[in-house]
Amino acid sequence: MREAELASELIIGLVDGLQDKKASIDKFYEKYEDDFPNRRSVIQKFQRVLTWIDVNIGKETIRETAFHRRPMFYSLFLATADALSGIPRGRGPVPNLASEMTARQATAARAALVRLSEALAEEEPPTKLVDFVVASARQTDNVGPRRIRHNAVLRVLREAAQK
3 MREAELASEL IIGLVDGLQD KKASIDKFYE KYEDDFPNRR SVIQKFQRVL TWIDVNIGKE
63 TIRETAFHRR PMFYSLFLAT ADALSGIPRG RGPVPNLASE MTARQATAAR AALVRLSEAL
123 AEEEPPTKLV DFVVASARQT DNVGPRRIRH NAVLRVLREA AQK
């Protein structure tokens, strides 16, 4: 059930951008109960994002970092979608972000995601990551913290694409 709920949240994010979890799933189901236009393109985008994460970030990096947690994976997934092709009210797409990053770019992206994850466990995280740490600890399904995490992960992808 939790996987289906996460998949629903990710699809809603692809279609409507970052949302508060509390109301968005019910509203989305009401709106699209009978007909889901662009279903095929949304599914293709969903699969493209998952493939990109698998190829460039890897299951091991996700498993070994905080990005295995639902709120963090939500941020990674939607920041990746935004970086690849944009999402509503997002800040993407990121120029020069290839379907498959160079080894140097992928290494930089993974290292930066590990650094974000490590900051969550630090008693005194670096000043530039304090907002990210707070947004990862409280009200993780509200749109405000989601936006902060989204922007941090998007910045990682943008910087890696420039390597």
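Here the numbering used here runs 2 ahead of the position in the sequence shown, where the first position is 1.
Every residue gets a Cβ at the ideal spot worked out from N, C-alpha and C, and that includes glycine.
If you're wondering where the values come from, they're calculated on a predicted model, not measured in any experiment.
The beta carbon of Leu122 lies closer than 7 angstroms to those of Ala68, Val135, Ser138 in the same chain, with the five residues before and after it left out. Here Thr109 carries a helix assignment [DSSP, helix/strand/coil]. A contact is defined here as three or more CB-CB pairs under 8 angstroms, and the stretch 87 to 97 fails this definition with respect to the stretch 141 to 148. Classified as exposed, Gln164 has fewer than 16 neighbouring CB atoms from the shown chains inside 10 Å of its CB.
Scanning Val17, Ser43, Asp22, Phe48 for the CA closest to the CA of Lys33 turns up Val17. Judged by DSSP in its simplified three-state form, Gly15 adopts helix.
Judged by DSSP secondary structure, Phe134 falls within the alpha helix (DSSP H) whose first and last residues are 132 to 139. Apart from sequence neighbours up to five positions away, the residues of its chain that approach Ile55 with a beta-carbon distance below 8 angstroms are Ile64, Leu78, Phe79, Thr82, ordered along the chain. The C-alpha of Leu86 is placed about 13 angstroms away from the C-alpha of Ala162. Inter-residue distance for Gln21 and Ile14 is about 8 angstroms (C-alpha atoms, whole angstroms). By the C-beta criterion, the stretch 107 to 124 is judged to be in contact with the stretch 152 to 159, since at least 3 inter-stretch pairs fall below 8 angstroms. The beta carbon of Arg106 lies closer than 6 angstroms to those of Lys165 in the same chain, with the five residues before and after it left out.
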